[in-house]
Amino acid sequence: MSDSLRSLLHAATTEDVGSPAVNLAIFAGFVAITLVIVFRASRNNKTAADYYAAGRSFTGPQNGTAIAGDYLSAASFLGICGAIAINGYDGFLYSIGFLVAWLVALLLVAELLRNTGRFTMADVLSFRLRQRPVRMAAALATLTVVFFYLLAQMAGAGGLVALLLGVEGTAAQGAVIAVVGALMILYVLIGGMKGTTWVQIIKAVLLVIGAAVMAVWVLSKYGFNLSDLLQGAIDTAGEGGESLIQPGKQYGATSMSQLNFLSLALALVLGTAGLPHVLMRFYTVPTAKEARRSVVWAIWLIGIFYLLTLVLGYGAAALVGPEAIKAAPGGVNSAAPLLAYELGGTILLGLISAIAFATILAVVAGLTITAAASFAHDIYASVIKHGEVKPDGEVRVARITVVIIGILAIIGGIFANGQNVAFLVALAFAVAASANLPTILYSLFWRRFNTSGALWSIYGGLISCLVLITFSPVVSGKVDPVTGDSLSMIKNTAVDFHLIPLENPGLISIPLGFLLGIFGTYVGKVRADSAKYAEMEVRSLTGAGSEKAVVH
Amino acid sequence: MTDMLGQAETDYERVQNSAEFQALKRRFRRFVFPMTALFLAWYFLYVLLADYAHDFMSQKVWGNITVGLLLGLGQFVSTFAITMIYAHWANTRQDPVAERLRRHIEEGASLDGEGA
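So this is what it looks like as structure tokens:
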């Protein structure tokens, strides 16, 4: 153990790592710059198309960068680095699943969705089906996915602050979560989709540069030899360190944990193309061709970033060590910040922490505008008001929704503080893959598909996910065998109502969602509207009649 | 969705039944469906190996570089490759046809002698 590491550990256990003042100053700089940009971007927020879809005026590369900014969440940066540092190879699976999933979006969803929808996922799902019931179902699924995802991000904020400010108290961490939530409300309220997009673009650029600098730094310590870096990780871990480069450290213990791994893999690869906040980003470009370019850019940025996290994760294992990471406040999620401190001291830690904060801020902003659009556009305007609402009335409702969701996110974030963030995101992916993706694919590709099929699939996928999660060890009954502490959401180990050993519902709920779509379609007996199907099919492939960019 | 009424819808149906659109649709499905099956099969092969074939994946090829690491990096390579192949194919093969059909519907440009 090096001297600097010992002093770091000392600092981590006594007061704080690095200088909180430096960390806060760098973060404040980011907030100040982005706020100016958001204010400038807000000048053209007149119509619903401006507020929800940034006037559809972003280019493919811009949107692709923003997608990367939206997608590379705290779970990616902090969670995956930590998972690789602690569990080695098994942590790598997250990044592979997250990346390969983009091919589903590229090949089957992005362009067709851009051509057929306006603002939300429900636009596409209800295109040729009965508007109100399908919109309601799609909006509920959207809000559920966003809720899980938001919870994960806000929990990440708590973990990060624990590390940076050495704040162990729940109240103090809660206060910082509230500040993050308040900033997010401000961004989305003022900037709408345009402001949110710029925050995501800036953050994505900072994140990829920051990760690249750290990865090169780590590799330079090992002569740019990946094998030597892995040896460093093995040596630091001490006895049994070889397991870091072998699969199965996290998921190989029992046949049940192997099933968990399989379930997770399925949810990751099929979830992305059903994430409402990702889908909504495709409406911010003028054409399907630009939507395609967006995804190509996003795949390159996201893929390169995940390659960097592989180096960072093993770098943290080698230079900081799994035991030191687990012992630090913030636990697994502190691997990347601790590595930054080990490499570049207080300044690099401050920079990387500010980037991590920016990450949380940008992602929660994207989630919030998605939820607000879904509520205002789908539930309020279409279901409650039967589509008879002035455009500015809809945007007003969206803005009120932003504030309410922000407050809910703060409360939820305080409650979820301390959960493993990558894992909570995996739950959101399971809901997206079970409730959203089947209906998206069926309505785009299956002529016979009808309203009944959509409702069976969305509600079936959604409810099965929620039930399976509620009665899983994630919510209650998972106890650390060594310390006896609860690893579940419910911290009281006496409360245990888990019935299903599966921690990720995907393995059951995703096939169920797809099957219920077929079942419901045949049970419903209603024949699909062939004229609407013709319109949807022709529109989706040619772009005829699709929403055009707003000209100011 | 938009203010297009009965007549526009029949126009969509006419385009849907046209040989040019049917060819566009067939080419699209013949490309994306097999490609999706291919990358999903390759992904799940990898996942099952990582999950159940620990000894195989832990074999060292060179230094500490294991079979598992190489296959994992292979997923990155295949994803980048499929992305670029699809983008090139769609840009050159599909876009010109889609654009002609779109102009026919939106601007009444001639396709089969009948305007919108």
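Chains Y and E, in that order, give the protein sequences.
Position 488 of the first sequence, counted from 1, bears residue number 488 in the working numbering, the numbering being contiguous throughout.
Position 110 of the second sequence, counted from 1, bears residue number 1110 in the working numbering, the numbering being contiguous throughout.
Think of the CB as a built atom: it goes at the ideal place given N, C-alpha and C, for glycine as much as any other residue.
By alpha-carbon distance to Pro438 (chain Y), the top candidate from Y:Ser220, Y:Phe415, Y:Val495 and Y:Met121 is Y:Met121.
Here Thr1066 (chain E) is bridged, per DSSP, to E:Lys1060.
Bounds of any alpha helix (DSSP H) do not take in Arg128 (chain Y), whose DSSP letter is neither H nor E. Sequence-distant partners of Met536 (chain Y) (beyond 5 residues in either direction) whose C-beta falls short of 7 Å from its own C-beta, in its chain, are Thr116, Phe127 and Arg128. Straight through space, the alpha carbons of Leu262 (chain Y) and Phe415 (chain Y) are spaced by roughly 29 Å. Taking a contact to require three or more Cβ pairs closer than 8 Å, the segment 219-239 of chain Y and the segment 476-491 of chain Y do not qualify as touching. Secondary structure note for Glu1020 (chain E): its alpha helix (DSSP H) is the uninterrupted segment Ala1019 to Tyr1052. In the structure shown, Val482 (chain Y) falls within a coil segment according to DSSP collapsed to helix, strand and coil.
Residue-level contact by beta carbon fails for Glu1020 (chain E) and chain Y, as no gap is shorter than 8 Å. Its Cα nearest to that of Ser540 (chain Y), the residue E:Lys1025 stands out among E:Lys1025, E:Ala1053 and E:His1054.
The Cβ atoms of Ala362 (chain Y) and Met193 (chain Y) lie no closer than 8 Å to each other. In this model, Tyr522 (chain Y) and Phe449 (chain Y) are separated by some 9 Å (Cα to Cα).
Taking 8 Å as the upper bound for CB-CB distance, Ala398 (chain Y) and Ala365 (chain Y) are not in contact here, some 14 Å apart. Cβ atoms of Leu266 (chain Y) and Leu507 (chain Y) come within 8 Å of each other, at about 6 Å. Relative to Gly303 (chain Y), the option among E:Val1015, E:Gly1074 and E:Arg1103 whose CA is nearest is E:Gly1074.
Only those residues of the segment 304-322 of chain Y whose C-beta falls short of 7 Å from the nearest C-beta of chain E are listed: Leu307. Using a CB distance cut-off of 8 Å, Lys221 (chain Y) does not count as an interface residue toward chain E. Ser530 (chain Y) counts as exposed, since fewer than 16 other C-beta atoms from the protein chains shown sit within 10 angstroms of its C-beta.
For the pair of segments examined, the segment 183-199 of chain Y was found not to touch the segment 340-355 of chain Y: the number of CB pairs separated by less than 8 Å stays below three. Proximity of chain Y to His1088 (chain E) at the Cβ level (cut-off 9 Å) is not reached, the minimal Cβ distance being about 10 Å. Check the Cα spacing between Ile469 (chain Y) and each of Y:Ala426, Y:Ala83 and Y:Thr170: the tightest is with Y:Ala426.
With contacts defined as CB atoms closer than 8 Å, Phe58 (chain Y) and Thr284 (chain Y) qualify as a contacting pair.
For Val285 (chain Y), there is no enclosing alpha helix (DSSP H), as DSSP marks it with neither H nor E. For the pair Val431 (chain Y) and Pro276 (chain Y), the Cα-to-Cα distance works out to about 11 Å.
Chain Y has no Cβ within less than 8 Å of the Cβ of Ala1037 (chain E). Arg1027 (chain E) has a beta carbon lying at 8 Å or more from every beta carbon in chain Y.
The contact set of Ala1041 (chain E) on chain Y, defined by CB atoms closer than 7 Å, is empty, because the minimum CB distance reaches about 12 Å.
The beta carbon of Ser243 (chain Y) sits closer than 6 Å to those of Lys249, all from its chain and outside the five residues before and after it, given in chain order. Fewer than three pairs of CB atoms, one per stretch, sit closer than 8 Å, so the segment 77-86 of chain Y makes no contact with the segment 368-386 of chain Y.
Scanning Y:Gly241, Y:Tyr89 and Y:Leu308 for the CA closest to the CA of Gly210 (chain Y) turns up Y:Leu308. Secondary structure in the segment 313-337 of chain Y: the alpha helix (DSSP H) runs of 4 residues or longer, each lying completely within the stretch, are 322-327 in chain order.
Residue state for Asn23 (chain Y) is assigned as helix, using DSSP reduced to three classes. Listed along chain Y, the residues sitting closer than 8 Å to Arg1102 (chain E) by beta-carbon distance are Thr542, Gly543 and Ala544. Residue Y:Ala137 holds the alpha-carbon nearest to the alpha-carbon of Ile379 (chain Y) among Y:Ala137, Y:Phe39 and Y:Thr493.
If only uninterrupted alpha helix (DSSP H) runs of at least 4 residues are considered, those enclosed by the segment 168-237 of chain Y are 170-221 and 226-237.
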